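*Asks:* Residue numbers (our numbering): 1485 to 1744.
Using N, Cα and C, we set each Cβ at its ideal position, and we do this for glycine too.
Bear in mind the structure is a predicted one, so any value in this text is a computation, not a measurement.
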Amino acid sequence: MHSNYQIKSQDRIAVVTGAAGRFGHQIVLQLLAAGFYVAATDASEEKLANLQTYLGSFERLGLVFMDACNSQSIQKAGEQITNLFGEQIFVLVNNADILEPTPILSSEHHDQVREIIDTNLIGTYNCTSFFSRFMVKRKSGRIINIASIAGTWGASFASAYAASKAGMIAASRSWARELGSYGVCVNAIAPGSCHPNTLESAEQQNPSVSLKRKILLDYIPSSRFGNPEDVAEVVLFLATCKTDYLNGAILDLDGGINKG
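#1: Rounded C-beta distance between residue 1673 and residue 1631? I'm assuming under 8 Å.
#2: Mind reading off the beta-carbon distance from residue 1574 to residue 1506? Whole number of angstroms is fine, and I expect it under 8 Å.
#3: I need the DSSP call for residue 1727, collapsed to helix, strand or coil.
#4: Rounding to the nearest angstrom, what Cα-Cα distance links residue 1622 and residue 1588 in this structure?
#5: Could you check what DSSP says for residue 1524 in three-state terms: helix, strand or coil?
#6: Apply the 10 Å Cβ neighbour rule to residue 1514 and answer buried if 16 or more other Cβ atoms are within range, or exposed otherwise.
#7: Does any CB atom of chain C fall closer than 8 Å to the CB of residue 1671?
#8: Between the Cα of residue 1655 and the Cα atoms of 1665, 1676, 1628, 1667, which residue gives the shortest distance?
#9: Go to residue 1569, then tell me how far its beta strand (DSSP E) extends in each direction, as first and last residue.
#10: Suppose you measure from the CA of residue 1583 to the CA of residue 1599; what does that come to, to the nearest Å?
#11: For residue 1653, write down the residues that DSSP places opposite it in a beta bridge.
#12: If distances are taken between C-alpha atoms only, which option among 1676, 1643, 1625 comes closest to residue 1667?
#13: Does DSSP put residue 1551 in a helix, in a strand, or in coil?
#14: How is residue 1581 classed by DSSP in three states: helix, strand or coil?
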């Protein structure tokens, strides 16, 4: 199906943050298959090495260390990316995030709360601020933020994660207003129950999760949980969509649970 999305890649560069994370592998693969030059960035050298092993060799792939929370690291990564592929950056996928429990009645998670907010929200701001300038210069671009339905529903025992994703949703709408006149579209994807590996791991640790999982599945009209491939398909749609009138949208990717 990738042939439907083939593009002229010589001036199409995509930057993916958190490329070694939950959805990153599949997002990078989809963009490569569509003809993009892809800068796959991550804040872990070890995970980047594992990503290289997973993806294999692609002429249009560059693996770049980048800490989205550090402006100097972003600047350095930006220089590496432009040296590799040039300055025609057309797509930014803000995918770097941390998903960890932060129960409000615990006093042991204050540092983790800060780390989650910094990575998920501040990191998204930092990367958008830097890479959007290339898009503004060329008068076209696509910024795709990976949010979560937790940003609209909330999430028990994960309030920091939910708050960070709510911030991403609000920021996406705000940036769409700021950048739309430059031909830059900013949209967000809000996945729900798209982490099968996480659910399976939780089931192994706590058998009661299995029952909760079955109950949740009954509320999903699509009758299945999502997966990283689903997220990557929607990223590809937004990255290759020809119209610039799709702007400031939050696309729920939850199998219809919001409508069920």
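*Replies:* So, to answer that:
#1: About 7 Å separates the two Cβ atoms, so the contact holds.
#2: About 24 Å separates the two Cβ atoms, so there is no contact after all.
#3: Looking at residue 1727 - three-state DSSP - the assignment turns out to be coil, as it is neither helix nor strand.
#4: Their backbone Cα atoms lie some 45 Å apart in a straight line.
#5: In the three-state reduction of the DSSP assignment, residue 1524 falls in the strand class.
#6: Burial is judged here by how many other beta carbons sit within 10 angstroms of a residue's own beta carbon; residue 1514 has at least 16 and is buried.
#7: As a matter of chain content, chain C is missing from the structure shown, which is built from one protein chain.
#8: Ranking the options by Cα distance to residue 1655, first place goes to 1628.
#9: DSSP places residue 1569 in no beta strand (DSSP E) but in the uninterrupted alpha helix (DSSP H) bounded by 1555 to 1569.
#10: In a straight line, the C-alpha of residue 1583 is about 10 Å away from that of residue 1599.
#11: None, per the DSSP bridge assignment.
#12: Comparing alpha carbon positions, the residue from 1676, 1643, 1625 closest to residue 1667 is 1625.
#13: Coil.
#14: Residue 1581: coil per DSSP, three-state reduction.
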